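Residue numbers (UniProt numbering), protein chains in the order written: chain A, 1 to 442; chain B, 1 to 442.
Positions of the beta carbon are idealized from the N, C-alpha and C atoms, including for glycine.
No experiment lies behind these values; they were computed from the predicted model shown.
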């Protein structure tokens with residue numbers, strides 16, 4: 001069977017690529033393919049060559065020489081080029097040209113490699129069917145956690161085991177912001193601004209900081225782990241906008257760090273998938289992953305817990321992941337989108353987040369007068385939520401209108417906690433919307 | 001291409017296994033294959049079934065029902081069973097029956113899955129040739145770091161990149177011993193004894209604690225990372241027997257932890273591969289990996305640094321890795337042993353460790369009298385080794401025959417350091433052989 005990877009006698013036919021999208025990742029892929037040409041030829045058993053590219057502006061300097069490559073202004077024309085064996089989609093976005101290019105290539109029976117997390121998360125079920133119908137592989141290692149081979153790990157490396165849980169730190173921008181907030185004590189808005197100036201956050205940062213980017217990646221990981229597409233809309237998503245500098249400092253005092261985690265696990269009622277800020281114990285593996293790094297966690301019945309960390313974004317790591325997919329195609333190692341041929345079309349049943357359980361951190365802004373704590377703890381008691389600890393910092397000045405009060409609960413149901421938070425929010429002594437953060441043991 | 005993974009119309013032919021070796025791992029594989037039968041059938045596109053087993057003692061209770069399986073006392077006969085499509089070798093050991101079974105199966109064109117690190121490390125070059133000649137894949141995910149998909153990560157997940165360095169914490173027994181020594185302050189012999197009582201160390205612990213097991217794994221990882229087999233004898237190996245309780249406490253005082261690391265990197269003079277105790281900064285990722293866990297690190301030009309951690313041993317994790325290989329075979333995803341078809345027979349050129357560079361920790365037992373430090377620092381100066389810091393703890397009692405003296409050097413050549421240690425060892429004021437530990441920045 002190893003002879004499939006290359007033939008010693010016959011001259012090897014090149015795998016010819018058409019690259020749609022020449023942003024930093026597209027240019028990075030061309031750079032990597034050229035820098036490592038001999039190595040890739042040896043590993044793939046045949047040369048991997050770019051023959052055509054597509055982007056809007058031909059005159060822009062991308063730092064790579066495009067001489068000798070066929071140029072298409074319309075990426076859809078690149079797909080129909082008979083010399084293009086594999087389409088590499090690096091345009092981005094769940095709709096528009098990116099979607100059209102991928103669908104058209106698959107429908108024409110051409111293998112597709114993409115880094116497009118939104119596209120796969122939102123249209124993964126239909127794309128899997130298209131891929132199966134036309135016998136055209138769709139690979140997307142670069143769509144989750146950049147250079148980390150997260151997809152290969154879940155879909156192949158752990159394919160022998162029944163996975164119980166998958167997820168991790170899936171957005172480097174949020175992890176960077178939370179890390180700097182902890183290290184400097186600065187507030188969210190200031191650190192976001194710094195991150196934008198440094199290029200770690202987009203001018204419009206909402207996809208990252210509101211948790212959508214992490215939710216795209218979690219949708220994909222969960223589909224792979226459980227062998228069926230996941231409805232993106234079934235993922236519960238919270239971002240990090242409401243995390244304050246005081247939350248980082250309370251978390252530290254309680255022995256935790258704050259991470260934006262995407263986590264999916266299977267329950268008797270279906271899949272629970274959510275992206276939320278979480279408190280993780282300060283000595284846990286996920287607490288050690290600082291800055292722009294990503295970490296993917298998978299837990300299986302037999303294998304236990306595996307964690308991979310590395311660079312989740314950037315031209316180099318993303319190009320590495322795209323190229324690994326290309327080598328798989330050259331080696332003939334292709335696989336059904338969700339790892340299981342038969343299930344391409346059936347989305348996983350989702351369980352509402354209110355069926356979840358956990359412990360919670362709750363930060364309230366309350367009036368600084370007798371009886372307030374009694375009012376709040378009475379609500380918690382009425383909702384069946386049991387307290388583990390309480391922290392109160394004195395007001396910074398005598399005339400401060402409110403003081404922060406932090407409550408940590410024992411394990412309770414998400415539904416009870418949501419009810420309690422709604423009722424607490426309605427108390428007149430509570431002066432601002434509560435900040436609720438889930439506590440994860442790992 | 002995805003149709004290779006399964007055919008929707010034709011009934012799927014089972015992949016029939018013969019398992020040679022029914023220790024805890026062999027029994028674990030049977031248990032996993034049964035527990036996950038439906039899942040594996042969906043992922044592999046065909047059922048995976050055990051049809052024959054081989055072990056010495058048929059009467060032993062292994063906790064799995066062997067009824068209906070063909071029994072062979074001689075594993076070599078199992079190989080020739082025409083109903084066995086794939087041979088799973090779980091006997092262990094680089095020679096004897098294990099080697100004969102693997103060679104015989106490959107020569108007969110039968111795919112082999114093995115967890116045998118010593119066999120692959122010592123005979124990887126010849127086995128790769130046998131595999132290529134007879135078109136019989138040889139897969140060994142379970143041979144390195146148990147349940148961690150380290151081999152798939154290096155050989156496939158990072159196949160797009162040029163790797164600069166590979167290695168990590170490859171022996172759970174040593175990591176457990178070093179962790180407990182740090183946490184309890186107990187000495188090596190006491191902790192080893194405790195580990196043996198708990199089943200974390202073998203009755204004869206030398207393969208683990210002298211670094212050979214880690215060196216087997218490093219030999220394999222380096223071969224995969226650099227695409228050519230590595231001569232096991234070219235790996236420099238030191239174990240942890242000479243690490244004392246005082247080294248753990250000095251390391252802590254200096255801001256480090258001690259880990260047994262296997263590390264391989266390519267230099268202009270060839271491959272540098274070594275297994276040695278190392279000081280790693282206490283906040284570095286490898287310093288966080290405690291107890292029996294393993295961690296594999298790979299560093300590439302484009303991808304940067306990736307680290308995977310998980311359970312490096314045990315029936316469950318090992319069975320998970322063996323089964324992932326079986327699914328790859330069922331999916332038709334097989335690959336040349338070293339990832340590159342052409343290089344099966346050419347071992348990598350190795351660079352002697354004396355060509356290495358690094359910073360060093362040196363612990364000496366010296367007489368407690370004036371002039372001693374001058375004598376020692378004169379030797380270092382003469383050898384061109386520059387000191388970064390020095391720690392001395394006072395003698396515990398006034399009449400103690402010696403005191404410990406710890407020196408930390410700046411970056412220097414391994415050759416200069418070895419010469420310095422030899423000369424220092426020869427000084428009359430130095431009362432015991434020096435303990436030299438390399439310092440790794442990550």
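Short CB-CB distance (under 8 Å) between residue i and chain A
i: residue 95 of chain B; result: no
i: residue 47 of chain B; result: no
i: residue 228 of chain B; result: no
i: residue 335 of chain B; result: yes
i: residue 110 of chain B; result: no
i: residue 39 of chain B; result: yes
i: residue 239 of chain B; result: no
i: residue 392 of chain B; result: no
i: residue 451 of chain B; result: Because chain B is modelled from 1 through 442, residue 451 of chain B falls outside the range shown and cannot be assessed.
i: residue 267 of chain B; result: no
i: residue 303 of chain B; result: yes
i: residue 34 of chain B; result: no
i: residue 223 of chain B; result: no
i: residue 246 of chain B; result: no
i: residue 129 of chain B; result: no
Residue i in three-state terms, based on DSSP
i: residue 69 of chain A; result: coil
i: residue 184 of chain B; result: helix
i: residue 284 of chain B; result: coil
i: residue 238 of chain B; result: coil
i: residue 223 of chain A; result: helix
i: residue 209 of chain A; result: helix
i: residue 55 of chain A; result: coil
i: residue 5 of chain A; result: Any reading at residue 5 of chain A needs caution, since the residue's pLDDT is 42, under 50, leaving its predicted position unreliable; the model's value is listed next. It is helical.
i: residue 357 of chain B; result: strand
i: residue 115 of chain B; result: coil
i: residue 167 of chain B; result: strand
i: residue 389 of chain A; result: strand
i: residue 151 of chain B; result: helix
i: residue 440 of chain B; result: coil
i: residue 329 of chain A; result: helix
i: residue 404 of chain B; result: strand
Residue from the options whose Cα sits closest to the Cα of residue i
i: residue 72 of chain B; options: B:387, B:62 and B:58; result: B:58
i: residue 324 of chain B; options: A:218, A:157, A:41 and A:153; result: A:157
i: residue 336 of chain A; options: A:51, A:50, A:65 and A:159; result: A:159
i: residue 105 of chain A; options: A:91, A:78, A:121 and A:405; result: A:78
i: residue 34 of chain B; options: B:24, B:47 and B:23; result: B:47
i: residue 356 of chain A; options: A:167, A:154 and A:267; result: A:267
i: residue 277 of chain A; options: A:251, A:228 and A:265; result: A:251
i: residue 254 of chain B; options: B:406, B:28 and B:431; result: B:406
i: residue 448 of chain B; options: B:67, B:84 and B:55; result: Absent from the structure is residue 448 of chain B, since the part of chain B shown begins at 1 and ends at 442.
i: residue 191 of chain A; options: A:414, A:120, A:351 and A:241; result: A:241
i: residue 153 of chain B; options: B:359, B:224, B:283 and B:117; result: B:224
i: residue 299 of chain A; options: A:320, A:388, A:222 and A:313; result: A:222
i: residue 386 of chain B; options: B:52, B:403, B:414 and B:370; result: B:414
Min CB distance residue i to chain B below 8 Å
i: residue 339 of chain A; result: yes
i: residue 17 of chain A; result: no
i: residue 281 of chain A; result: no
i: residue 217 of chain A; result: no
i: residue 367 of chain A; result: no
i: residue 169 of chain A; result: no
i: residue 316 of chain A; result: yes
i: residue 85 of chain A; result: no
i: residue 258 of chain A; result: no
Cβ separation of residue i and residue j, assumed to be a contact under 8 Å, to the nearest whole Å
i: residue 25 of chain B; j: residue 441 of chain B; result: Actually they are not in contact, since the Cβ atoms of residue 25 of chain B and residue 441 of chain B sit about 36 Å apart, beyond 8 Å.
i: residue 271 of chain A; j: residue 351 of chain A; result: 6 Å
i: residue 424 of chain A; j: residue 361 of chain A; result: Residue 424 of chain A to residue 361 of chain A, Cβ: 14 Å. No contact.
i: residue 138 of chain B; j: residue 127 of chain B; result: 6 Å
i: residue 183 of chain A; j: residue 211 of chain A; result: Going by Cβ atoms, the distance from residue 183 of chain A to residue 211 of chain A rounds to 22 Å, so no, they are not a contact pair.
i: residue 330 of chain A; j: residue 45 of chain A; result: 6 Å
For the segment 145-161 of chain A, which residues have a beta carbon sitting closer than 8 Å to at least one beta carbon of chain B?
147, 148, 149, 152, 153, 156, 157, 158, 159, 160 and 161
Give the residues from the segment 320-333 of chain B that approach chain A closer than 9 Å (Cβ to any Cβ), ordered along the chain.
320, 321, 322, 323, 324, 325, 326, 327, 328, 329, 331, 332 and 333
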